[in-house]
Amino acid sequence: MLPSDTQNSIQALLENSIDPTVIGKRVGVHRNTVNRYANKWMHNRIRKSGDKPSIVAKSTRRYIKRQVFTGYLKTAKDVQMKLEEIGHPMSYQSAINVLHAVEIYAEIKKKKPLLTEKHKKARLAWAKKHQYWTVHDWRRVIFSGETKINIWGPDGCKYYWKKKRDRLHPHHIDVIPGYACQDYNGAMNSELYQEILTTSLKDTMEYYDLNWETSVFQHDNDPKHRSKPTTQWMKDSVMVCIDDWPSQSPDPNPIEHVWHHLKLKLSM
Numbered sequence: 210m211l212p213s214d215t216q217n218s219i220q221a222l223l224e225n226s227i228d229p230t231v232i233g234k235r236v237g238v239h240r241n242t243v244n245r246y247a248n249k250w251m252h253n254r255i256r257k258s259g260d261k262p263s264i265v266a267k268s269t270r271r272y273i274k275r276q277v278f279t280g281y282l283k284t285a286k287d288v289q290m291k292l293e294e295i296g297h298p299m300s301y302q303s304a305i306n307v308l309h310a311v312e313i314y315a316e317i318k319k320k321k322p323l324l325t326e327k328h329k330k331a332r333l334a335w336a337k338k339h340q341y342w343t344v345h346d347w348r349r350v351i352f353s354g355e356t357k358i359n360i361w362g363p364d365g366c367k368y369y370w371k372k373k374r375d376r377l378h379p380h381h382i383d384v385i386p387g388y389a390c391q392d393y394n395g396a397m398n399s400e401l402y403q404e405i406l407t408t409s410l411k412d413t414m415e416y417y418d419l420n421w422e423t424s425v426f427q428h429d430n431d432p433k434h435r436s437k438p439t440t441q442w443m444k445d446s447v448m449v450c451i452d453d454w455p456s457q458s459p460d461p462n463p464i465e466h467v468w469h470h471l472k473l474k475l476s477m
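Reading the sequence shown from the start, the letters are residues 210 to 477 in the numbering used here.
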């Protein structure tokens with residue numbers, strides 16, 4: 210039995226969420242002794258997966274929860290460092306356990322286009338306009354698209370914190386950026402785009418024996434696709450285009466599946 214003043218000191222330090230190892234060094238007793246008294250006095254304890262217990266008071270857990278949802282602590286590593294800073298040295302997994310204790314979980318951000326109400330209405334209107342197109346109509350369409358391919362590794366996954374039963378919110382989404390392409394001299398412009406159409410597109414159509422005048426070319430609303438020089442090039446080339454492709458709509462374009470398979474092959 211420890212002297213009452215020592216017990217009082219241990220209890221006071223425990224109530225201030227000080228780690229048992231730190232308390233033991235301060236009052237001159239083994240940490241197991243501190244843990245024994247902690248088990249006696251405190252019932253809302255979070256233990257590590259190993260033998261060494263860790264005491265994190267409710268107030269500390271609430272503090273960590275606020276710090277996470279206000280964005281001050283962005284990762285589990287940040288949480289681990291903050292807990293160590295306030296007297297709770299623990300493993301990375303134990304820091305995750307603290308987050309789970311307050312029902313905070315990490316989820317991978319969903320990659321989706323950023324759709325406004327205007328975008329949604331335009332997509333619906335476009336779908337209704339083309340709902341009676343036949344298989345023959347769609348077989349005439351040449352779909353185009355641009356993508357980014359990493360040769361030296363991926364960009365990585367992005368995560369967000371959520372409560373256990375949270376629904377998906379806009380800030381949980383990793384917005385797909387606008388389509389872009391870049392050559393050695395800089396970003397693609399309408400002149401370079403026209404050059405690609407003149408060479409690569411025409412060569413591809415000739416290879417597959419596609420009729421230039423009866424085919425329909427699809428491209429999105431990128432400024433270089435809609436510029437006056439490109440529009441004039443289309444007219445001069447007698448190229449029929451889908452001119453009303455809705456903004457932020459990569460998903461209806463089947464070429465996205467081609468990019469997916471290409472990236473899988475390159476990653477093997």
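Beta carbons: idealized from backbone N, C-alpha and C, even for Gly.
Cβ contact (3+ pairs, closer than 8 Å) linking the segment 400-420 and the segment 294-303: no
Residue environment, Thr269, which counts as buried when at least 16 other CB atoms sit within 10 Å: Counting Cβ neighbours within 10 Å, Thr269 comes out buried, since at least 16 surround it.
With 16 other Cβ atoms within 10 Å as the buried cut-off, status of Leu222: Label assigned to Leu222: buried.
Best match in Ile464, Pro432, Val238, Val425 for proximity to Trp347 [C-alpha to C-alpha]: Val425
Reduced DSSP secondary structure (H/G/I, E/B, other) of Val311: In the structure shown, Val311 sits in coil (DSSP, three-state: anything other than H, G, I, E or B).
Length of the line joining the Cα atoms of Leu323 and Glu355: 18 Å
Cβ distance (whole Å) where Glu465 is taken to contact Pro438 below 8 Å: Between Glu465 and Pro438, the beta carbon gap of about 27 Å keeps them out of contact (Cβ cut-off 8 Å).
Extent of the continuous beta strand (DSSP E) to which Val238 belongs: It is not in any beta strand (DSSP E) - Val238 carries neither H nor E in the DSSP assignment.
C-beta atoms of His328 and Gln457 nearer than 9 Å: yes
At least 3 beta-carbon pairs within less than 8 Å: the segment 282-290 vs the segment 300-307: yes
Residue range of the alpha helix (DSSP H) that includes Gln216: 213-224
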